[in-house]
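**Student:** Counted the way my numbering counts, the sequence shown spans residues 5 to 435. Every residue, glycine too, gets a C-beta built ideally from N, C-alpha and C.
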Amino acid sequence: MRKLLTIISFALLISILTTSCSSIGIGNKTKDEVTIKMMTYSKANSTDLINHLKEKFPHITLEVIAVDDIMREEGFTDHTKRMARISEIITEKQVDFYQHIVPTMFVPDHQLFDIKQLIDRNQLELNEIQQHMIASSTRDDGTLYTISPTFDRRVLFINRKLFQNSGVPEPISPMTFEQLRQSAIKLKEKNIGSFGYNYPTGSWYYSIKSIGEEMNGLPFINNDGQLLFDQPEWRDLAQNVLDDSKNKVLRSDPFMPADSDLVRIGISLIYASQIYNYIANNFSAETLAISNLPSNPSNPTSNPYLMTSQFSIDSTSEHVEEVWELLTYLMSKEAATFINEKVLLNGFVTYPDLVKIGDFKLESFMETGNPRTKAYSFDLSGEVTTKLVTTINEQFLAYIQDKISFNVAWKNIEVVVQDINANSSNFVAVK
């Protein structure tokens, strides 16, 4: 009898200890269920990823808010009005984290959580590509507000076969943008049916600004908070690029070229991930060269990895730890394998051994040198940016369509630039 009581007592003790351990987190405790609000651009484009996260983290319920879905339901089609509505949605919804939407692009003073704190606290192991992505996105004050499990980088694809068949010397990197233009013009002269170079252009404002800043080293805003777009260097660049488009030297269509058009383009200034299109059209390392973007040797700028699936955390979120759990997983090789197999996100995953690109090597797209260019001290306020973008696009399009001369277009742009510069409140200090 005494032996039986001893066995029962021991079993009871084990039961109590097990229960106690579970209650303080030592045993297998089921994680508390939590609902997290996520904002994305299009729910349809994120459905597979969202479903995967729900399956991987069953204790987390994702409430998804898609801004494009909201605007379509509300009937917003005008670009300017859509941009304004996105700003309102960001302010109204108060979500925990964002995918594919960086709220500060629409609401400059919107506060995000510093992800660098979480990386340092957890001593998160990052591979070489991830380290470069983090370094190029970290601000001067050491803060980091976005992170991405995939990347891309802008490069030059040079159609070696077209240059050889046309009897034009293949451009060699490093090169300036003007050297690229001259090679493209010569190719066009020798091969009328070709395009010298391709730069997909959905907005003349953003295209010329990008070429000026990143390939010519031209500052857009000075340290005194003044726009410099009315300066002679910008005028010359804009006219050259627009004339190249008018003369069919430049293919400026906003869409990527059709497969049949790839063979007619000498140089493409596009994302590295377009390599898949070239491979599908039987290009090889012998017929296609991959080079860095043009640069100004007297004022070189960086060409960093681009975060193609940006995630950020709202500073007001009460679920930072749960969001970080999701983001940490997305940066892992396990997640990269799934993302890569299912093609869930744009760009390349950050693990080179998972990327299959024929006889090309991912190292061709690797970032070298300084991953960061010094940021501007000032930025334009949202409303002023919209005004400038609209003016430049309208004036340049009118010139392209031969409705006005370039001189008239430029004078109209100068008036707007000078009007913006006359009011310091149009500029926001970059924190």
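Might you give, ordered along the chain, the residues of its own chain that have their beta carbon closer than 8 angstroms to the beta carbon of F224, omitting 5 neighbours on each side?
**Tutor:** Closer than 8 angstroms at the Cβ level, and outside the excluded window around F224, lie K213, G216, E217, L231, L232, F233 and Y380.
**Student:** Could you pull out every residue in the same chain whose Cβ sits closer than 7 angstroms to the Cβ of S249, ignoring the five residues on either side in sequence?
**Tutor:** So the qualifying residues of the chain are S256 and I404.
**Student:** Once the 5 residues before and after F155 are set aside, which same chain residues still bring their CB inside 7 angstroms of it?
**Tutor:** Same-chain partners within the cutoff: I133, M137, Y309, L310, M311, T312, G351, F352 and T354.
**Student:** Contact between the segment 239-248 and the segment 425-432: three or more CB pairs below 8 angstroms?
**Tutor:** No, because fewer than three Cβ pairs between the segment 239-248 and the segment 425-432 fall closer than 8 angstroms, the two stretches do not touch.
**Student:** Can you find the residues in the same chain that come closer than 6 angstroms, C-beta to C-beta, to I119, ignoring five residues on each side of it along the sequence?
**Tutor:** Closer than 6 angstroms at Cβ, skipping near neighbours: L148 and I151.
**Student:** What are the boundary residues of the beta strand (DSSP E) that Q103 is part of?
**Tutor:** Residues F101 to Q103.
**Student:** With distance defined between alpha-carbon atoms, name the residue in P107, M370 and S409 nearest to S306.
**Tutor:** For S306, the nearest C-alpha among the options comes from M370.
**Student:** DSSP state of L17, grouped into three classes?
**Tutor:** Residue confidence for L17 is low, a pLDDT of 34 falling below 50, so the modelled location carries little weight; the figure read from the coordinates is stated next. Note: L17 maps to helix in three-state DSSP.
**Student:** Where do the ends of the alpha helix (DSSP H) carrying E329 lie?
**Tutor:** Residues V324 to L334.
**Student:** How do the segment 389-408 and the segment 313-326 stand: do at least 3 beta-carbon pairs fall below 8 angstroms, yes or no?
**Tutor:** No, the segment 389-408 does not touch the segment 313-326.
**Student:** Taking M335 as the reference, give the member of K35, E290, N49 and L57 with the closest Cα.
**Tutor:** M335 has its Cα closest to that of L57, out of K35, E290, N49 and L57.
**Student:** Locate the beta strand (DSSP E) running through R239, then write down its first and last residues.
**Tutor:** Unbroken run through R239 is the alpha helix (DSSP H), P236 to K250; no beta strand (DSSP E).
**Student:** How many Å lie between L184 and F167 at the Cα?
**Tutor:** Approximately 13 angstroms between the Cα atoms of the pair.
**Student:** Consult DSSP for Y280 and reduce its assignment to one of helix, strand or coil.
**Tutor:** The answer is helix: DSSP assigns Y280 an H, G or I state.
**Student:** Run through DSSP, which three-state label would M260 get?
**Tutor:** In the structure shown, M260 sits in coil (DSSP, three-state: anything other than H, G, I, E or B).
**Student:** Any contact between the segment 278-287 and the segment 263-270? By contact I mean 3 or more CB pairs, one from each, below 8 angstroms.
**Tutor:** The segment 278-287, when compared against the segment 263-270, does touch it at the 8 angstroms Cβ threshold.
**Student:** Give the secondary structure of V419 by DSSP, where H, G and I count as helix, E and B as strand, and everything else as coil.
**Tutor:** V419 falls in the helix class under three-state DSSP.
**Student:** On the premise that V68 lies in contact with M42, defined as a C-beta separation below 8 angstroms, what is that separation, rounded to the nearest angstrom?
**Tutor:** Yes, they are in contact, since the Cβ atoms of M42 and V68 sit about 5 angstroms apart, within 8 angstroms.
**Student:** Mind listing, in chain order, the continuous alpha helix (DSSP H) runs of no fewer than 4 residues lying wholly within the segment 357-408?
**Tutor:** Here the runs fully enclosed are 386-404.
**Student:** Taking buried to mean at least 16 other C-beta atoms within 10 Å of its own C-beta, is Q98 buried or exposed?
**Tutor:** Answer is exposed; the Cβ neighbour count stays below 16.
**Student:** Apart from the five residues on each side of it in sequence, which residues of its chain come closer than 6 angstroms, Cβ to Cβ, to I30?
**Tutor:** Caution is warranted here: a pLDDT of 29 is assigned to I30, below 50, making its placement in the model unreliable, and the coordinate value is therefore given only provisionally. Counting only Cβ-Cβ distances below 6 angstroms, and skipping sequence neighbours, we find nothing.
**Student:** Could you spell out the range, first to last residue, of the beta strand (DSSP E) harbouring S302?
**Tutor:** Counting along the chain, S302 falls outside any beta strand (DSSP E), and DSSP gives it neither H nor E.
**Student:** With distances taken from CA atoms, which of I271, W208, L331 and V106 is nearest Q186?
**Tutor:** Checked all of I271, W208, L331 and V106; the closest Cα to Q186 is I271.
**Student:** Is S272 helix, strand or coil when you go by DSSP?
**Tutor:** Note: S272 maps to strand in three-state DSSP.
**Student:** Give me the Cα-Cα distance between N303 and I74, rounded to the nearest whole angstrom.
**Tutor:** Each residue's Cα considered, the two are about 44 angstroms apart.
**Student:** Between N227 and D363, what straight-line distance do the alpha-carbon atoms span, to the nearest angstrom?
**Tutor:** Their backbone Cα atoms lie some 46 angstroms apart in a straight line.
**Student:** If you reduce the DSSP assignment to three classes, tell me which class R158 lands in.
**Tutor:** Three-state result, R158: strand.
**Student:** Can you tell me whether I28 is buried or exposed? The criterion is at least 16 other CB atoms within 10 Å of its CB, across all chains shown.
**Tutor:** At I28 the pLDDT is 27, less than 50, meaning the model places this residue with poor confidence; the figure from the coordinates comes in the next sentence. By the neighbour-count rule (16 or more Cβ atoms within 10 Å), I28 is not buried but exposed.
**Student:** On the three-state DSSP scale, how would you describe V347?
**Tutor:** Residue state, collapsed to three classes: coil.
**Student:** Using CA coordinates, which residue listed in T142, P107 and D113 is at the minimum distance from D124?
**Tutor:** Ranking T142, P107 and D113 by Cα distance to D124 puts T142 first.
**Student:** To which residues of the same chain is M219 closer than 6 angstroms at the C-beta, ignoring the five residues directly before and after it?
**Tutor:** For M219, where only same-chain residues beyond five positions count, the Cβ hits under 6 angstroms are F181, L297 and P298.
**Student:** Pull up the DSSP beta-bridge partners for N202, would you.
**Tutor:** R255 and S272, per the DSSP bridge assignment.
**Student:** Leaving out the 5 sequence neighbours to the left and right, which residues in its chain are closer than 6 angstroms to K165 when beta-carbon positions are compared?
**Tutor:** Closer than 6 angstroms at the Cβ level, and outside the excluded window around K165, lie T291.
**Student:** Start and end of the alpha helix (DSSP H) containing K192?
**Tutor:** Counting along the chain, the alpha helix (DSSP H) containing K192 begins and ends at F181 to K194.
**Student:** Ordered along the chain, which non-local residues of its own chain (more than five positions away) have a Cβ less than 8 angstroms from that of S385?
**Tutor:** Once the five neighbours on either side are set aside, the close Cβ partners of S385 are P112, S429, N430, F431 and V432.
**Student:** So if DSSP puts M311 in a beta bridge, which residue, or which two residues, is it bridged to?
**Tutor:** According to DSSP, which records beta bridges pairwise, M311 is partnered with F155.
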